[in-house]
Every structure is written in structure tokens, then in C-alpha cells.
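Here's the structure, in C-alpha cells; my notes come after.
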Amino acid sequence: MARGHPVLTGLECFVCAGNPDAKRLYDDLLSNYNKLVRPVVNVTDALTVKIKLKLSQLIDVNLKNQIMTTNLWVEQTWYDYKLKWEPKEYGGVEMLHVPSDHIWRPDIVLYNNADGNFEVTLATKATLNYTGRVEWRPPAIYKSSCEIDVEYFPFDEQTCVMKFGSWTYDGFQGNRPVAGQQ
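Each number in my numbering corresponds to the 1-based position in the sequence shown with 25 added.
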């Protein structure tokens, strides 16, 4: 047992040291960053947010209440001009993982939710690319309303639509979900 401790301690020190270039980049990017301001140059500019849904699990289909429960990964991608950098100025760092609650995030919600929980609740890390591209892939469990017709049971087929969009912004201001939006 005692032999394992020096190796573990050495590993911990290595992880603690981290990458000084990445730390400097993080500090430089976020020192004056305001996560409450939509990342556009002009306030009239639209911001495109691409969305892909990846079904991890179909948890339940409640026929009586017409509710579908799913476990999804809500992949969201957008560009934030304030999060661009030159990799050569930061030791070649081209990508940075940051807590998503430290940056602006789109307020994409499930409009046809059935339980009052409109948004993603787990703030996972976001991936920043030196080009300004931001990727955020939080998991979410959604309960959505779904019209279910069992006239031909057990041979019926169901189509359940999930409607996503921005809670705050209209299509002219941004958060336009353009890929896999339903």
C-alpha cells in the first residue's frame, strides 16, 4: 500500500502544474469577458447557433399522459468573436475546455416540455477553438408532450416532435437553431 502513494502524489503534482500557456490563455480570454452579453459585434447582428440532438436513451413513452421521456445530448455550436486567439502566442494551444457557466451560452429550451423543466440543468464544460468556435454538449433528460395514436396498436408508429428554440431572442437577433432543430 505505501508504495502507491509516491506515484499518486507525483501524478497529483503533475496535474496541478497544468499547462501555463493554457492558464494564461484562460485568464486573458475571460478577464474582461461578460457572459451576460450576446457575442456579436453589432447589437443588430444575428448569432447562429447550430443544434444537434443525440438520443442517448428513450426512457419512457407514457401513452395515457402522452409524454415521451428522453435522455439527450444537446450539441450546440456558435462563434464568439471575443473568444478568438492566435495559438502561436499561447504555446500552440488551439483548444481550451472551460466551465460553460463562465461564458455566454444560448438559452435554447424545449418549447413543448411537459414538466415545466425548460432548460439543460447540468453545466458541463464547453470547448473553445482558437477560431472563436464554441461547442457545448450538455446531457439533458426531457419530458416532452407527444400526441400518441394507438388506433392500430400494436402495429402503430409514432412520431414525436421536440421543438427547440431561444427563450429570449427572436430569429432576427440570433440563437437561430439551424441543424437538427426538431
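Ideal Cβ placement from N, Cα and C applies to all residues, glycine included.
Note that this is a predicted model, so its numbers are computed, not measured.
**Request:** Determine the DSSP secondary structure at Asp132, reduced to helix, strand or coil.
**Result:** Position 107 of the sequence shown, counting from 1, holds the residue named residue 132. Three-state result, Asp132: coil.
**Request:** With a 10 Å radius around its C-beta and 16 neighbouring C-beta atoms as the bar for buried, classify Cys38 as buried or exposed.
**Result:** Residue numbering aside, residue 38 sits at position 13 when the sequence shown is read from its first letter. Note that Cys38 has pLDDT 36, beneath the 50 cutoff, so the model's placement of it is unreliable and no number is given.
**Asked** Should Phe189 be labelled buried (16 or more other beta-carbon atoms within 10 Å of its own) or exposed?
**Response** Residue 189 sits at position 164 when you count from the first residue of the sequence shown. Under this definition Phe189 is a buried residue.
**Prompt:** What are the boundary residues of the beta strand (DSSP E) that Ala151 is part of?
**Reply:** Counting from 1 along the sequence shown, the entry for residue 151 is found at position 126. Counted as a single uninterrupted DSSP element, the beta strand (DSSP E) harbouring Ala151 occupies residues Lys150 to Asn154.
**Message:** Suppose only complete runs of 3+ residues qualify. What are the beta strand (DSSP E) ranges in the stretch 78–123, listed by chain order?
**Reply:** Secondary structure within the stretch 78–123: the beta strand (DSSP E) runs of 3 or more consecutive residues, fully enclosed, are 92–104 (chain order).
**Request:** Throw me the rounded Cβ distance for the Trp98 and Val159 pair, which I believe falls under 8 Å.
**Result:** If you number the sequence shown from 1, residue 98 lands on position 73. If you number the sequence shown from 1, residue 159 lands on position 134. Actually they do not touch by this definition, with Cβ atoms about 16 Å apart.
**Request:** Just mark Lys60 as buried or exposed, buried being the case when its beta carbon has 16 or more other beta carbons within 10 Å.
**Result:** Translated into the one-based positions of the sequence shown, residue 60 becomes position 35. By the neighbour-count rule (16 or more Cβ atoms within 10 Å), Lys60 is not buried but exposed.
**Message:** For Ile133, count the other beta carbons within 10 Å of its own beta carbon; 16 or more makes it buried, fewer makes it exposed. Which is it?
**Reply:** By 1-based counting over the sequence shown, the position of residue 133 is 108. Result: buried.
**Prompt:** Taking C-alpha atoms, which residue in Gln183, Ser170, Glu176 and Trp192 lies nearest to Asn90?
**Reply:** To locate residue 90, count along the sequence shown from 1; it is residue 65. Comparing Cα-Cα distances from Asn90 to each of Gln183, Ser170, Glu176 and Trp192, the minimum goes to Ser170.
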